[in-house]
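Counting from 1, one number per residue, gives the positions in the sequence shown under this note's numbering. Every residue gets a Cβ at the ideal spot worked out from N, C-alpha and C, and that includes glycine. Data block below; observations after.
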Amino acid sequence: MKTAPSDSRFPNQNQTRNCWQNYVDFQGCQKAMTAKGGDVSICEWYRRVHKSLCPISWVSTWNDRQAEGYIC
Numbered sequence: 001m002k003t004a005p006s007d008s009r010f011p012n013q014n015q016t017r018n019c020w021q022n023y024v025d026f027q028g029c030q031k032a033m034t035a036k037g038g039d040v041s042i043c044e045w046y047r048r049v050h051k052s053l054c055p056i057s058w059v060s061t062w063n064d065r066q067a068e069g070y071i072c
């Protein structure tokens, strides 16, 4: 897996917000494409970036919260 590209919206070393934003963008993209009957592979870029930036434990927790209906 390649590392995430530089994003000028997140210029500092701490990439927490970048991680979260790409996770949310991936979930939103997936939801929108599924609702439209579209190809969810378009969302792959967001998945790759958040998988590269975010600790696994965070993503696991967010996925659990999403399944419970708390986020995204």
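Measure the C-alpha to C-alpha separation of residue i and residue j and round it to an integer number of angstroms.
i, j, result
"K36", "G69", "21 Å"
"N14", "S60", "20 Å"
"P5", "Q21", "14 Å"
"V74", "K51", "Any property of residue 74 remains undetermined from this structure, which presents the chain solely from 1 to 72."
"D64", "Y23", "13 Å"
"T16", "C54", "7 Å"
"A32", "Q66", "16 Å"
"P11", "W62", "24 Å"
"I42", "I56", "22 Å"
In the structure shown, what three-state DSSP assignment does residue i receive?
i, result
"N14", "coil"
"Y70", "coil"
"R9", "coil"
"D39", "coil"
"C75", "Limits of the chain in this structure are 1 at one end and 72 at the other, which puts residue 75 out of reach."
"C19", "helix"
"T3", "coil"
Give me the Cβ distance between residue i and residue j, rounded to the nearest whole Å; I'm assuming they're in contact under 8 Å.
i, j, result
"F26", "R47", "5 Å"
Please check if any C-beta of chain B sits within less than 7 Å of the C-beta of residue i.
i, result
"L53", "Protein chains in the displayed structure number just one, and chain B is not present."
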